[in-house]
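Numbering-wise, this note's numbering puts 52 at position 46 of the sequence shown, and it's gapless, one number per residue.
All C-beta atoms, glycine included, are put in the ideal place defined by N, C-alpha and C.
The next block holds one structure in the form of structure tokens; read it before the comments.
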Amino acid sequence: MELVADKQKTALEMLSSALVCGEVEIVDLTHTLDPDFPVIVLPPEFGQCARFRMEEISAYDHRGPAWKWNTFTCSEHTGTHFDAPSHWVSGKDLPNNTVDSIPSENFIGPVVVIDCSDGAAADADFELTPAMIENWEAEHGRIPEGCWVFMRTDWGKRKGAAYLNMQDDGPHSPGPTPDAIKLLIEHRNIRGFGTETVGTDAGQGMHYTPPYPAHYYLHGAGKYGLQCMANLDLLPATGAMILCAPLKIKNGTGSPLRVLALVPKGEQ
């Protein structure tokens with residue numbers, strides 16, 4: 007036991023030294039929470055996602071002379087956020103399916119990034135396919151079991167109405183095909199899937215069977231989702247690690263959070 011502890015200590019010391027020396031850099035993949043950040047829009051017959059709101063309680067004044075603080079409200083799925091399996095009907099009966107019950111070690115892990123930015127720039131409805139995943143693997147190696155897969159589209163650089171890209175028939179934004187998600191889950195056993203768009207599905211994902219297949223298959227398999235991320239263009243295709251711990255909300259289906267990536271210097 008003592009030998010194991012010494013090895014663990016050495017590994018942590020090496021990481022600490024690499025961070026202090028700048029050999030490992032931290033990349034923030036999170037958008038700032040504010041009232042203007044877009045949220046998903048569902049058909050009007052359904053309940054809607056609440057935007058971020060903040061109300062001042064006191065600011066070094068008669069309401070509290072020595073302190074400043076605020077009350078904020080938002081949906082669990084506002085801004086850069088985490089989706090737990092209980093978020094979707096397919097994952098509602100799984101064990102450890104809420105943000106407070108997910109094992110904490112699952113919030114830290116390796117990530118691979120599949121660059122779809124050129125396709126998304128040319129076509130708002132661009133989709134990640136199994137063939138694209140296999141082509142990526144031919145260049146970078148097989149996607150490791152238990153890792154996160156991020157779909158880079160540079161969508162996070164969009165602002166305002168262009169982010170949701172709502173048209174007469176609903177939102178148009180890139181995402182994976184059902185077969186792509188099934189490949190990642192059934193044949194690569196990924197930990198989760200992340201995007202820069204407002205959801206893990208394509209904007210028109212409601213037209214698939216089942217609707218919103220990324221949500222359906224991911225959460226039905228006990229996997230996780232991250233969406234509304236930023237700065238995926240600063241990550242290498244392989245070699246980075248992410249920290250993505252949501253708020254520990256009792257029975258929470260998701261949570262806004264700050265997603266941080268640890269990246270070896272010079273590999274962005």
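Between the options, which has its C-alpha nearest residue i's C-alpha?
i	options	result
Phe58	Ala267, Pro262, Gly228, Phe52	Pro262
Ala168	Asp175, Arg158, Ser179	Ser179
Ile139	Asp131, Ala127, Trp73, Val118	Val118
Lys299	Ile149, Ala17, Val26	The shown model of the chain, from 7 to 274, leaves out residue 299, and the question about it has no answer.
Asp174	Gly209, Leu249, Arg158, Ala186	Gly209
Pro41	Asp160, Gly166, Ser96, Glu145	Gly166
What does the alpha-carbon distance come out to for the pair residue i and residue j?
i	j	result
Met7	Glu19	Note that Met7 scores a pLDDT of 43, beneath 50, so its modelled location is shaky and nothing firm can be said.
Lys188	Val45	26 Å
Thr203	Gly181	8 Å
Val265	Trp75	24 Å
Asn195	Ser123	24 Å
Leu48	Gln54	6 Å
His37	Thr215	31 Å
Tyr66	Asn102	42 Å
Asn257	Gly228	15 Å
Gly162	Ala72	38 Å
Ser64	Ile108	35 Å
Pro50	Ala17	52 Å
Phe132	Leu21	38 Å
Asp185	His221	13 Å
Ala126	Pro219	19 Å
Glu151	Glu111	15 Å
Gly198	Cys250	11 Å
Gly28	Lys15	20 Å
Pro177	Arg164	14 Å
Ala144	Asp160	23 Å
Ser23	Gly245	18 Å
Ile149	His68	57 Å
Val95	Gly147	34 Å
State yes or no: is the beta carbon of residue i nearer than 9 Å to at least one beta carbon in chain C?
i	result
Leu253	Looking at the structure shown, chain C is missing, and only one protein chain is on hand.
If the criterion is Cβ atoms closer than 9 Å, does the pair residue i and residue j meet it?
i	j	result
Thr278	Leu35	Past the boundaries of the shown model lies residue 278; the chain is included only from 7 to 274, so the question cannot be answered.
Ile191	Tyr223	yes
Leu241	Val33	yes
Phe113	Pro252	yes
Asp89	Thr206	yes
Val30	Leu238	no
Ala128	Asn171	no
Glu61	Phe78	yes
Excluding five sequence neighbours on each side, which residues of the same chain lie with their C-beta closer than 7 Å to the C-beta of residue i?
i	result
Ser92	Lys98, Asn103, Thr104, Thr259
Leu100	Pro91, Gly228
Pro136	Asp185, Ala186, Leu189
For residue i and residue j, which I take to be in contact (beta-carbon distance under 8 Å), what is that distance rounded to the nearest angstrom?
i	j	result
Phe156	Gly200	4 Å
Ile255	Glu82	7 Å
Thr86	Met235	6 Å
Apart from the five residues on each side of it in sequence, which residues of its chain come closer than 8 Å, Cβ to Cβ, to residue i?
i	result
Ile120	Leu134, Met138, Ile139, Trp142, Val155, Phe156, Met157, Arg158, Ala243
Gly70	Ile63, Ser64
Pro217	Gly211
Glu273	Pro242, Gly245, Ala246
Asp2	In the structure as shown, the chain starts at 7 and stops at 274, and residue 2 therefore has no counterpart that could be examined.
Leaving aside the five residues before and after residue i along the sequence, list all residues of the same chain whose C-beta is less than 6 Å from its C-beta, in chain order.
i	result
Pro116	Cys153, Met247
Ala56	Cys80, Ser81
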